[in-house]
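Chemist:
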Amino acid sequence: MESTPPVVRPSTPPQIRLEDIAGRADTSSTPAEAGTIVTGIALSTQSVQPGDLFVALPGKNGHGAAYTDSAVQAGAVAVLTDADGEAEARAAGVPVIVSDNLRARLGELSAFIYGTADGAPTIFGITGTNGKTTTAYVLEAVLRQMGLVTGLSTTAERHIAGEVFVSRLTTPEATDVHALLARMKEQHVEAVVLEVSAQGLTHGRVDGILFDVAGFTNLSIDHLDDYGTMENYFDAKELLFRPDRSRTAVVSLETTWGQKLLAEPKIPVASISADAATDPDWRLEILEALPEGTRFRVQNRAGDSVETTVALLGDHLVADAGLAVAMTIEAGYAADRVQAALQDGIEVYIPGRTESVSGPTGPRVYVDFGHSSDAFEKTLRAVKAVTPGRVIMLFGADGDRDPVKRPEMARVAAAGSDIVVITDHHPRFEDPASIRRMLVDAAREAFPAKQIVEVSPPEAAIDYAVDLARDGDAILWAGPGHQDYRDIRGVRTPYSARELARDALARHGWPTS
Ligand SMILES: CC(=O)N[C@H]1[C@@H](OP(=O)(O)OP(=O)(O)OC[C@H]2O[C@@H](n3ccc(=O)[nH]c3=O)[C@H](O)[C@@H]2O)O[C@H](CO)[C@@H](O)[C@@H]1O[C@H](C)C(=O)N[C@@H](C)C(=O)N[C@H](CCC(=O)O)C(=O)O
Ligand SMILES: Nc1ncnc2c1ncn2[C@@H]1O[C@H](COP(=O)(O)OP(=O)(O)OP(=O)(O)O)[C@@H](O)[C@H]1O
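Each residue of the sequence shown is one higher than the one before, counting from 1 in the UniProt record's numbering.
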């Protein structure tokens, strides 16, 4: 069983008096015990470290106060909770602060504890359904190539001045985001790129941060289990484009939701698009698609222009790269300086984003993190464009997440490929067979004549796909991307699609990357 990745904390913990925290928590109830010193803050027992203030909040599954004993056993020295959690929290025998509207105060309190409000670096935030991680990695690479000390927080990894940490949530809880920023501050990070999920915004995880430049990639069907409608989902993302969160923004017009953000801007917003008909502030031009990468140019109305190359497959990923370059210049860095840094191309490796794991001969195998119909459509198009033979699409769907999007994922997968192999992804607590059935039924109903096969588990499915494939064919394995586990009944079981694909290729006598 794989352990949960640890939360990144500053090397030198802060020393904050509990009564100073109480003063900011707007509490009327408990004067904090004199002398209690807090050296960190955590919202989950999974992140508690000795000396922490444990924040016990209500959630979907219960109240965090139920975990106070475990938090104290892990070293928590005090608890911050609401009226509903008070009795349970007090039973643990450590000082308790009770405050209303705690979730809304958490960012500010965490910023106070970790001292992240002063001397903040330049901070970029990226939101959208697809392409956040890709844009964030490219942006970090651009800033690094310009000679800046960088920090990065994405679904895949967190980076601090070159040091790499595995991620858990895409956007960490407010307590953990500020701990991360504090560690970056210790390492003299000058520019930070944060991936901001819709949940990150609606759960207040980026509270206490003012982004210098926000970026919007696109919006398509996802997370309807959390937001119900596309309008609500858009409203969650829109929270980033307000004066209390961001100074300025660059919005891609890839989907019509970008136009909606531009319609009534609450902060200065520049648009970017590859479609000249939309008359964007930033024009993205794809100049040349080569096997080793794509040459593109971004240019604004003022004539600022950057031309460079990036080793990414497909116009959609190049759109992410163009957004990253435009965001850099909108942050105030001179276009000449950006151009000089990118003269020889953008040096970026993004784990599990249409990543080829195959060698120079045999079928190409790409492992991708796409888990929405839009991502499937764009990635299949990109793979098809460079594949002389057949495209085999291998995928599954997340259990306990957004079942509404599954039929469309299956239809798009079947529409864009020659053969479909349906397997398991993270079943979580759902029955994997019924998830597969839903996908198979939708794909067969839409494309009755197509070869659509169900193979479980994924180890057998990739083997099956490689067995079918010939030299010149391609397999797109969509879903697992960079991930190194599968969530099976709440247990993170170690698993790497990239390694399984390499093993399958090797078993069939093909080289790997
Ligand atoms: C829907 C959602 O976002 N849920 C998050 C939320 O859970 P919750 O508020 O329902 O909490 P709960 O399970 O009822 O527990 C109540 C409280 O008890 C605490 N607790 C609970 C159990 C325990 O053993 N110890 C403990 O301390 C919890 O930390 C929580 O504060 O707060 C928890 C504590 O931080 C998160 O772990 C949990 O994320 C779950 C695991 C999750 O999967 N979230 C996904 C949907 C998410 O946030 N995804 C986005 C990106 C999506 C994308 O871009 O595709 C992300 O930013 O990662
Ligand atoms: N601009 C884009 N438009 C459509 N699909 C994209 C775009 N960029 C990336 N994708 C697809 O989405 C997948 C996930 O990409 P990426 O990790 O960059 O997005 P993300 O927004 O960070 O996703 P998540 O929120 O799940 O972490 C990619 O593997 C690719 O299939």
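Glycine included, C-beta positions come from ideal geometry on N, C-alpha and C.
On a predicted model such as this, the values are computed, not experimentally measured, just so you know.
Cutting at 6 Å between CB atoms, please list the residues of its own chain near residue 497, excluding the five before and the five after it.
Modeler: Cβ neighbours of residue 497 beyond the five flanking positions: 367, 477 and 480.
Chemist: Might you give, ordered along the chain, the residues of its own chain that have their beta carbon closer than 7 Å to the beta carbon of residue 342, omitting 5 neighbours on each side?
Modeler: Excluding positions up to five away in sequence, the list reads 142, 145, 306 and 308.
Chemist: In three-state terms, what does DSSP make of residue 368?
Modeler: Residue 368: strand per DSSP, three-state reduction.
Chemist: Is residue 112 near ligand 2 - that is, is its Cβ less than 6 Å away from at least one heavy atom of it?
Modeler: Checking every heavy atom of ligand 2 against the Cβ of residue 112, none is found closer than 6 Å.
Chemist: Which of the three DSSP states is assigned to residue 432 in this structure?
Modeler: The answer is helix: DSSP assigns residue 432 an H, G or I state.
Chemist: On the DSSP letters alone, give me the boundaries of the beta strand (DSSP E) that residue 334 sits inside.
Modeler: Looking at the DSSP string, residue 334 is not in any beta strand (DSSP E), and its letter there is neither H nor E.
Chemist: Decide if residue 71 is buried, meaning its Cβ has at least 16 other Cβ atoms within 10 Å, or exposed.
Modeler: With 16 or more Cβ atoms within 10 Å of its Cβ, residue 71 is classed as buried.
Chemist: Nearest by alpha-carbon distance to residue 245: which of 234, 209, 464 and 261 is it?
Modeler: If we check each option's Cα against that of residue 245, 209 comes out closest.
Chemist: Between the alpha carbons of residue 35 and residue 95, how many angstroms are there, rounded?
Modeler: In a straight line, the C-alpha of residue 35 is about 11 Å away from that of residue 95.
Chemist: Do you know how far the Cα of residue 425 is from the Cα of residue 462?
Modeler: Taking the straight line joining both Cα atoms gives about 12 Å.
Chemist: Rounded to the nearest angstrom, how far is the Cβ of residue 363 from that of residue 502, given a contact under 8 Å?
Modeler: About 13 Å separates the two Cβ atoms, so there is no contact after all.
Chemist: Could you say which of 248, 247, 243 and 230 lies nearest to residue 255 if we only look at CA atoms?
Modeler: For the residues 248, 247, 243 and 230, the minimum Cα distance to residue 255 belongs to 230.
Chemist: Which ranges does the beta strand (DSSP E) cover as unbroken runs of at least 3 residues, wholly within the segment 141-169, from first to last along the chain?
Modeler: Correct list: 150-153, 157-160 and 163-166.
Chemist: With a cut-off of 8 Å on the beta carbons, I'd call residue 160 and residue 151 a contact; round off their distance for me.
Modeler: Right, their Cβ atoms sit about 5 Å apart.
Chemist: Is any non-hydrogen atom of ligand 2 found closer than 6 Å to the C-beta of residue 370, if you look at the structure I gave you?
Modeler: It does: the Cβ of residue 370 is within 6 Å (strictly closer) of some heavy atom of ligand 2.
Chemist: Report yes if the C-beta distance between residue 249 and residue 277 is below 7 Å; otherwise report no.
Modeler: Contact flag unset, no.
Chemist: In chain order, what residues of the same chain have a beta carbon less than 8 Å from the beta carbon of residue 382, not counting five sequence neighbours either side?
Modeler: Within the same chain, residue 382 has close Cβ partners 313, 314, 315, 316, 317 and 354.
Chemist: Check the DSSP bridge columns for residue 386 and list the partner residues they point to.
Modeler: Looking at the DSSP assignment, residue 386 forms no beta bridge with any residue, so it has no partner.
Chemist: Taking 6 Å as the line, does the beta carbon of residue 137 fall inside it for any heavy atom of ligand 1?
Modeler: The answer is no for residue 137.
Chemist: By the three-class DSSP mapping on this structure, what secondary structure does residue 225 have?
Modeler: Of the three classes helix, strand and coil, the one that applies to residue 225 here is helix, per DSSP.
Chemist: Is any heavy atom in ligand 2 found nearer than 6 Å to the beta carbon of residue 525?
Modeler: No answer is possible for residue 525: the residues shown for the chain start at 1 and end at 513.
Chemist: Among all the DSSP beta bridges, which residues are the ones paired with residue 300?
Modeler: Answer is 282, bridged to residue 300.
Chemist: Nearest-angstrom Cα distance between residue 162 and residue 320?
Modeler: Each residue's alpha carbon lies about 22 Å from the other.
Chemist: Below 6 Å CB to CB, which residues in the same chain sit around residue 507 once its five sequence neighbours on both sides are set aside?
Modeler: Within the same chain, residue 507 has no close Cβ partners at all.
Chemist: Compute the Euclidean distance between the alpha carbons of residue 272 and residue 298, then round it to the nearest angstrom.
Modeler: Taking the straight line from one Cα to the other gives about 9 Å.
Chemist: So for residue 178, helix, strand or coil by DSSP?
Modeler: The answer is helix: DSSP assigns residue 178 an H, G or I state.
Chemist: Apart from the five residues just before and just after residue 212, which ones in its own chain have a Cβ nearer than 6 Å to its Cβ?
Modeler: 122, 123, 247 and 331, listed in sequence order.
Chemist: Enumerate in chain order the residues of its own chain whose CB-to-CB distance from residue 111 is below 7 Å, with the five nearest sequence positions on each side excluded.
Modeler: So the qualifying residues of the chain are 117, 178 and 208.
Chemist: Skipping 5 residues on each side, what residues in its chain have a beta carbon closer than 6 Å to that of residue 194?
Modeler: Only 125 and 153 meet the Cβ criterion.
Chemist: Would you kindly check if the distance between the Cβ of residue 350 and the Cβ of residue 134 is under 7 Å?
Modeler: Result yes, Cβ atoms of residue 134 and residue 350 sit closer than 7 Å.
Chemist: Rounding to the nearest angstrom, what Cα-Cα distance links residue 499 and residue 239 in this structure?
Modeler: Going from the Cα of residue 499 to the Cα of residue 239 covers about 39 Å.
Chemist: Quick check on this structure: which residue in 58, 33 and 67 has the alpha carbon closest to the alpha carbon of residue 47?
Modeler: Ranking the options by Cα distance to residue 47, first place goes to 67.
Chemist: With DSSP as the reference, label residue 48 as helix, strand or coil.
Modeler: Of the three classes helix, strand and coil, the one that applies to residue 48 here is coil, per DSSP.
Chemist: So, for residue 519: in the same chain, excluding its five sequence neighbours on each side, which residues have a beta-carbon less than 7 Å away from its beta-carbon?
Modeler: Limits of the chain in this structure are 1 at one end and 513 at the other, which puts residue 519 out of reach.
Chemist: Return the first residue and the last residue of the alpha helix (DSSP H) that residue 407 is part of.
Modeler: Segment 406-416, the alpha helix (DSSP H) holding residue 407.
Chemist: Are the CB atoms of residue 395 and residue 415 nearer to each other than 7 Å?
Modeler: Not a contact, by the Cβ cut-off of 7 Å.
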